[in-house]
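In mature numbering (1 follows the signal peptide of the UniProt record, and there is no 0), the protein residues as written are -19 to -1, 1 to 313.
Backbone N, C-alpha and C fix where the C-beta goes; we use that ideal spot for every residue, glycine too.
Treat the numbers as computed from the prediction; the structure is a model and nothing was measured.
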Ligand SMILES: *[C@@H]1O[C@H](CO)[C@@H](O)[C@H](O)[C@H]1NC(C)=O
Ligand SMILES: *[C@@H]1O[C@H](CO)[C@@H](O)[C@H](O)[C@H]1NC(C)=O
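See below:
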């Protein structure tokens, strides 16, 4: 992990300009509960990695882990510059806390603290792949690293499943809502412009949400969409959970959602054009994120990039957004 060690130097010395920095603290990605060091050591090749300044030019990168008699692990990382010159760095790795055997501190002589893990093995089958996560915090931002290592170069493994597991790891990110909400201006009809893939809405096109404010100030929600020309619709209610956070609502369609936990967080809306909504639920040690960009008109021509960047700054992977088909809709 020369990357980690040098990243500290880069981050402290040159600023965080080139690394993927995100606001807020590191996400708490849990590691697998056991580690068989004898099976884990040996040679691993990098199949995929998060972009990172120090490794950016290197190809054919590998890591060789050797278990020493004193149970420490020697790490030898190497790779090749475009001009063919080999680059390598040697370090040591050790488990920080025996109760978390898959969380290690790897140091390349740059002084990474031995009591702070910077190498989290999210999951490995020892023989084929290992998914490793790392994160460092600097004041109010953090920098994430991740690698998918394989025993063979260019191994043909189910990368999608490993990536999805990493994407889902840990608790929900904290996405703050806008501080005010004018309900009278917010209600009415919204069309989905973009959304995160969502089991309930898979393959629905022409999706819309209609919010109706009753005299008693409760809000009725009518969602609808079309699948293969057939209309599908859900009706529910929405209510503010905590008056001090008026833009965080609990929307309930009669299933199981609790009314004291928001599942509809309005990140930002201008009422007349767009609304960016985020939602997240935690199940055991994974979380499920949902997000929608709603617009008053179908296929509205708005500055989506700026809205997505705002969510990205809150730590959300906006690469999940997909565009909703709003063409040739049966309703108007
Ligand atoms: C190859 O490229 C690396 C990185 O730019 C540089 O440090 C090294 O001196 C180069 N080697 C040769 C032989 O040009
Ligand atoms: C879509 O609708 C048509 C016409 O009703 C039907 O023949 C077809 O099987 C449907 N396709 C799917 C995937 O349901």
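{"Asked": "Using three-state DSSP, classify residue 162 as helix, strand or coil.", "Found": "coil"}
{"Asked": "With a Cβ-Cβ cutoff of 8 Å, do residue 110 and residue 31 count as a contact?", "Found": "no"}
{"Asked": "For residue 273 and residue 235, I'd like the C-alpha separation in whole angstroms.", "Found": "21 Å"}
{"Asked": "Beta carbon of residue 58: closer than 7 Å to some heavy atom of ligand 1?", "Found": "no"}
{"Asked": "Under 6 Å from any heavy atom of ligand 1, by CB: list those residues in chain order, please.", "Found": "62, 64 and 66"}
{"Asked": "Sort 163, 108, 120 and 70 by Cα distance to residue 136 and report the nearest one.", "Found": "108"}
{"Asked": "Would residue 160 count as contacting chain C if we go by Cβ distances under 8 Å?", "Found": "Of the protein chains in the structure, only one exists, and it is not chain C."}
{"Asked": "Leaving out five residues before and five after residue 269 in sequence, what residues of the same chain have Cβ atoms less than 6 Å from its Cβ?", "Found": "262"}
{"Asked": "Answer with buried or exposed for residue 116, where buried requires no fewer than 16 other C-beta atoms within 10 angstroms of its C-beta.", "Found": "buried"}
{"Asked": "Secondary structure at residue 128, three-state DSSP: helix, strand or coil?", "Found": "strand"}
{"Asked": "I need the straight-line Cα distance from residue 28 to residue 174, nearest angstrom please.", "Found": "34 Å"}
{"Asked": "Rounded C-beta distance between residue 299 and residue 293? I'm assuming under 8 Å.", "Found": "5 Å"}
{"Asked": "Cα separation between residue 154 and residue 118?", "Found": "15 Å"}
{"Asked": "Would you mind stating whether residue 228 and residue 200 have Cβ atoms separated by less than 8 Å?", "Found": "no"}
{"Asked": "In the DSSP assignment, find the alpha helix (DSSP H) that holds residue 145 and state where it starts and stops.", "Found": "140 to 149"}
{"Asked": "Do residue 271 and residue 177 have their CB atoms nearer than 8 Å?", "Found": "yes"}
{"Asked": "Quick check on the DSSP output: the beta strand (DSSP E) that includes residue 88 runs from which residue to which?", "Found": "84 to 88"}
{"Asked": "Could you check which residue in 9, 188, 190 and 225 has the C-alpha nearest to that of residue 151?", "Found": "9"}
{"Asked": "Considering only the beta carbon of each residue, do residue 231 and residue 206 sit closer than 8 Å?", "Found": "no"}
{"Asked": "At which residue ranges does the segment 220 to 294 contain complete alpha helix (DSSP H) runs of 4 or more residues, listed in the order of the chain?", "Found": "285 to 294"}
{"Asked": "Let me know the secondary structure DSSP gives residue 206 once reduced to three states.", "Found": "strand"}
{"Asked": "Please look up how many angstroms separate the CB atoms of residue 248 and residue 171, rounded, as I've assumed it's under 8 Å.", "Found": "Not quite, the Cβ-Cβ distance comes to about 14 Å (not below 8 Å), so this is no contact."}
{"Asked": "If contacts are defined as beta-carbon pairs under 8 Å, then residue 208 and residue 184 qualify, I think. What distance do you get, rounded to the angstrom?", "Found": "6 Å"}
{"Asked": "Compute the Euclidean distance between the alpha carbons of residue 74 and residue 92, then round it to the nearest angstrom.", "Found": "12 Å"}
{"Asked": "Please confirm whether residue 58 and residue 40 have their CB atoms less than 8 Å apart.", "Found": "no"}
{"Asked": "Would a C-beta distance cut-off of 8 Å place residue 113 and residue 143 closer than the cut-off?", "Found": "no"}
{"Asked": "Cα-Cα, which of 52, 54, 42 and 56 is closest to residue 66?", "Found": "42"}
{"Asked": "Mind checking which residues open and close the beta strand (DSSP E) that includes residue 103?", "Found": "100 to 105"}
{"Asked": "Exposed or buried, residue 62, counting other C-beta atoms within 10 Å across all chains shown (16 or more means buried)?", "Found": "exposed"}
{"Asked": "Per DSSP, what kind of secondary structure is residue -2 in: helix, strand or coil?", "Found": "Any reading at residue -2 needs caution, since the residue's pLDDT is 37, under 50, leaving its predicted position unreliable; the model's value is listed next. Correct three-state label for residue -2: coil."}
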